[in-house]
Amino acid sequence: MKAEAIAVSVPADIEAELAAARLPFFKAFGKWVRNQPLGAVSAVGVIFMILVAVLAPLIAPHDPVEAHYEAMAAAPSIEYWLGTDQFGRDLLSRVIWGARTALFIGFTSAILGATIGLVLGVTSAYFGGWFDLLFQRVMDVFLAFPLIIMALAVVAIFGTGPENVIIAITIPFVPRCARVVRSNALAIREIPYIDAARALGYGHLRIILRHMAPNCMAPYLIMLTTFLGQAILLEASLSYLGLGVQEPVAAWGLMLQGGAEEYAESAPWIAIFPGLAITLAVFAFNLFGDSVRDTLDPKLRAR
Amino acid sequence: MYGYILKRLLLVVPTLFGAALLVFTLLRLIPGDICELRMAGTGGYFDEDAIQTCREEMGTNQPMLGQFLSFIWGLMRFDFGISMWTGQPIVSEIALRFELSLQVAIMATIVAILVAVPLGTISAVKQNTWIDYVVRCISIAGIAMPSFWLGILIILGLLVTTQHLFGTPWMPPIAYKPIWEDPVHNLSMLIWPAVATGYRYSAVATRMTRSALLEVLREDYVRTARAKGLWENVIIWRHALKNAMLPVITVIGIEFAFLIGGLVVTEQVFNLNGLGKLFVESVVNNDYTMTQALVMLVVMVFILVNFLVDICYAWLDPRIRYS
Chain A
1 MKAEAIAVSV
11 PADIEAELAA
21 ARLPFFKAFG
31 KWVRNQPLGA
41 VSAVGVIFMI
51 LVAVLAPLIA
61 PHDPVEAHYE
71 AMAAAPSIEY
81 WLGTDQFGRD
91 LLSRVIWGAR
101 TALFIGFTSA
111 ILGATIGLVL
121 GVTSAYFGGW
131 FDLLFQRVMD
141 VFLAFPLIIM
151 ALAVVAIFGT
161 GPENVIIAIT
171 IPFVPRCARV
181 VRSNALAIRE
191 IPYIDAARAL
201 GYGHLRIILR
211 HMAPNCMAPY
221 LIMLTTFLGQ
231 AILLEASLSY
241 LGLGVQEPVA
251 AWGLMLQGGA
261 EEYAESAPWI
271 AIFPGLAITL
281 AVFAFNLFGD
291 SVRDTLDPKL
301 RAR
Chain B
1 MYGYILKRLL
11 LVVPTLFGAA
21 LLVFTLLRLI
31 PGDICELRMA
41 GTGGYFDEDA
51 IQTCREEMGT
61 NQPMLGQFLS
71 FIWGLMRFDF
81 GISMWTGQPI
91 VSEIALRFEL
101 SLQVAIMATI
111 VAILVAVPLG
121 TISAVKQNTW
131 IDYVVRCISI
141 AGIAMPSFWL
151 GILIILGLLV
161 TTQHLFGTPW
171 MPPIAYKPIW
181 EDPVHNLSML
191 IWPAVATGYR
201 YSAVATRMTR
211 SALLEVLRED
221 YVRTARAKGL
231 WENVIIWRHA
241 LKNAMLPVIT
251 VIGIEFAFLI
261 GGLVVTEQVF
271 NLNGLGKLFV
281 ESVVNNDYTM
291 TQALVMLVVM
301 VFILVNFLVD
311 ICYAWLDPRI
321 RYS
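Given below as structure tokens:
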């Protein structure tokens with residue numbers, strides 16, 4: 001109990017000092033926008049996509065799965081802004097609902113993958129020794145599987161559908177994050193406050209989760225934002241191959257499957273708009289990730 | 001150098017073994033018995049005898065360790081067993097399609113290098129001009145654009161332009177012919193998937209060429225070369241680029257994963273009967289033995305390529321060997 005009181009009071013002091021030195025939020029934000037104009041633009045794009053995904057039922061002009069038989073493969077018009085697909089489903093509504101699918105799967109698997117990787121990476125660095133060595137070899141094995149190959153193998157085992165797609169995308173992310181976090185955590189382990197925490201008699205779990213993991217936030221966030229774009233692309237690829245989200249759910253990759261090529265000449269809009277949505281989404285998330293990386297880790301800037 | 005190769009080789013062997021173990025375990029993680037699953041496909045009718053025969057064929061009635069050892073032994077002899085879908089030996093199924101995928105892979109790599117090196121160089125030399133921004137946008141777009149969409153757009157573009165030029169739409173040929181039999185037919189069929197895959201593959205290499213060259217151009221020896229009045233072209237192409245190529249070669253090797261991923265989807269778009277399509281079909285058809293063999297094959301090639309890249313790099317840059 002006493003140990004608890006000491007541990008809380010010390011950071012509280014530092015916290016107060018830091019708060020005094022800290023810029024007001026909007027000033028700090030303004031500085032970030034000036035330093036990272038591309039980052040700010042991409043952040044707007046990301047927020048816009050999140051809004052579209054969340055508000056999909058409100059802003060989609062039509063039901064995404066409803067077939068309009070009077071307007072099959074119809075060109076863009078006032079009624080159907082982006083046209084309709086070969087079943088007469090409104091493309092704009094499907095693109096909007098597709099954002100929901102893409103962002104849901106993207107965020108879930110990126111957060112899951114990065115978080116599991118964070119905990120594993122910190123644990124490996126904390127214990128060190130033979131555990132660390134063995135862990136690294138295991139990560140090496142996982143890293144020998146290219147992203148999409150691992151995802152396809154997982155789908156082969158668990159089957160298709162949103163939950164399995166999330167598992168399939170999460171698993172290859174874990175070793176990629178664990179590796180980066182581990183190298184960061186190795187340095188943190190040597191800082192005396194970890195010894196202090198150990199001397200106070202804290203358990204391994206508490207030191208790993210409360211003391212080391214929060215200090216690995218920079219690599220964690222960098223990996224997380226990098227994963228977002230990759231996850232969206234991977235989900236689209238799996239769905240395109242027919243191994244991801246299944247019909248009639250609106251998903252960008254799925255919209256490019258089947259009809260898109262067949263109708264490429266007579267109804268090119270079926271092929272163009274979903275692909276454009278994927279590209280713009282991944283583009284925005286990648287740019288955002290780049291600027292997060294530049295902000296959190298200036299050393300990496302040159303790359 | 002030999003010491004370094006040996007050291008790296010010692011790392012490759014356990015990784016390969018671990019990968020084999022992982023692939024083997026993954027197949028056993030499938031809920032239920034693969035034989036029952038295959039039989040279930042015929043309408044839920046279970047014939048005990050048929051399941052027993054199937055288990056004997058697959059060897060799943062043997063102890064786990066024995067199964068694993070025979071799997072490893074098979075890998076060493078390139079004997080992957082029999083496809084559960086076609087009943088043919090997996091090796092002959094793979095051999096049928098290997099040539100096509102290898103050709104697309106090589107062409108895509110050539111496309112990637114042909115795009116990346118000149119673009120990256122121009123971008124670095126004209127740093128912070130509009131050319132630089134355009135090139136950087138092209139390369140960022142390459143990472144964002146899914147290669148299957150690029151493939152669809154290429155088909156669409158071909159259809160529209162040929163319609164305008166000749167009045168009838170032209171499509172790349174569908175039947176595969178080896179390049180030594182009919183080079184025109186072969187190339188007109190495979191250049192498009194190679195471009196679709198290679199563009200994405202080139203994006204990372206372009207960025208790497210740019211940043212590596214920017215770093216090299218600030219070196220003292222480049223300043224010396226300028227001071228003695230060498231032509232700028234000679235400085236860039238002969239002196240700077242040579243040294244900037246090291247990280248680019250590594251990136252081309254490491255991003256080999258992009259190439260494999262690209263092949264899996266572009267073969268689907270262009271309806272090419274290659275390894276990527278075989279892979280997707282095997283997953284769709286629940287052909288577990290085929291999936292297992294293909295995953296293992298890809299991982300083996302991937303580990304081997306990374307190993308070769310490391311060796312190449314150490315050979316080109318002696319400093320690596322001693323660190």
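If you read the sequences in order, they're chains A and B.
Heads up: the first sequence runs through residues 1 to 303, numbered per the working numbering.
Heads up: the second sequence runs through residues 1 to 323, numbered per the working numbering.
Beta carbons: idealized from backbone N, C-alpha and C, even for Gly.
Per-residue DSSP class, three states only, for residue i
i, result
"Thr129/B", "coil"
"Ile82/B", "strand"
"Asp90/A", "strand"
"Pro37/A", "helix"
"Pro318/B", "helix"
"Thr162/B", "helix"
"Thr168/B", "coil"
"Pro89/B", "strand"
"Thr225/A", "helix"
"Gly15/B", "Inspection of the sequence shows that residue 15/B is occupied by Thr rather than by Gly. DSSP places Thr15/B in helix when its eight states are reduced to three."
"Thr84/A", "strand"
"Asn273/B", "coil"
"Leu241/A", "coil"
"Val46/A", "helix"
"Arg218/B", "coil"
"His68/A", "coil"
"Glu190/A", "coil"
"Asp49/B", "helix"
"Tyr176/B", "coil"
"Asp310/B", "helix"
"Asn285/B", "coil"
"Leu209/A", "helix"
"Ile232/A", "helix"
"Pro219/A", "helix"
"Glu163/A", "helix"
"Leu10/B", "helix"
"Met145/B", "coil"
"Tyr201/B", "helix"
"Leu21/B", "helix"
"Ser297/B", "Note that residue 297/B is Leu in the sequence shown, not Ser. Correct three-state label for Leu297/B: helix."
"Pro76/A", "coil"
"Glu255/B", "coil"
Contact set for residue i: own chain, Cβ-Cβ below 8 Å, skip 5 residues either direction
i, result
"Val308/A", "Here chain A covers residues 1 to 303 and nothing more, so residue 308/A does not appear."
"Pro146/A", "none"
"Arg28/B", "Met64"
"Val283/B", "Thr291"
"Met1/A", "Caution is warranted here: a pLDDT of 39 is assigned to Met1/A, below 50, making its placement in the model unreliable, and the coordinate value is therefore given only provisionally. The answer is none, since no qualifying residue turns up."
Close-in-space but distant-in-sequence residues of the same chain around residue i (CB under 7 Å, 5 per side omitted)
i, result
"Ile111/A", "Leu224"
"Val125/B", "Ile236"
"Ile96/A", "Val52, Ala56, Ile59 and Ala60"
"Gly142/B", "Tyr199, Arg200, Ser202 and Ala203"
"Thr250/B", "Val309 and Tyr313"
"Ala225/B", "Ile235 and His239"
"Thr15/B", "Ile303"
"Ile122/B", "Ile131 and Val135"
"Ser83/B", "Ile90, Glu93, Asp287, Thr289 and Met290"
"Pro247/B", "Met208 and Ala212"
Rounded Cβ spacing between residue i and residue j (contact assumed at less than 8 Å)
i, j, result
"Ser101/B", "Leu275/B", "4 Å"
"Val149/A", "Val295/B", "Looking at the sequence shown, residue 149/A is not Val but Ile. The Cβ separation is near 6 Å, so the contact holds."
"Val245/A", "Ser239/A", "5 Å"
"Ile167/A", "Phe158/A", "6 Å"
Neighbourhood of residue i by C-beta distance below 6 Å, restricted to the same chain and skipping five residues each side
i, result
"Gln36/A", "Ser291"
"Ser42/A", "Ala284, Leu287 and Phe288"
"Asp132/A", "Ser124"
"Leu228/A", "Gly106, Ala110 and Phe285"
"Ile232/A", "Ala102, Gly106, Ala281 and Val282"
"Phe24/B", "Phe68 and Phe71"
"Phe142/A", "Pro175"
Residue ranges of each alpha helix (DSSP H) within the region 101-151 of chain A, 4 or longer: For the alpha helix (DSSP H) assignment, the uninterrupted runs of no fewer than 4 residues enclosed by the region 101-151 of chain A are, from N- to C-terminal side, 129-143.
Go through the region 250-290 of chain A residue by residue and report every complete run of the alpha helix (DSSP H) that reaches 4 residues or more, in order. 252-255 and 259-262
Count the CB pairs spanning the region 271-288 of chain B and the region 90-108 of chain B that are closer than 8 Å, and state whether there are at least three. yes
Sufficient close CB pairs (3 or more, under 8 Å) joining the region 168-179 of chain B to the region 204-222 of chain B: Too few Cβ pairs lie closer than 8 Å, so no.
Between the region 62-70 of chain A and the region 78-88 of chain A, do three or more beta carbon pairs fall short of 8 Å? yes
Is it a yes or a no for the region 257-273 of chain B touching the region 177-197 of chain B, going by three-plus beta-carbon pairs under 8 Å? yes
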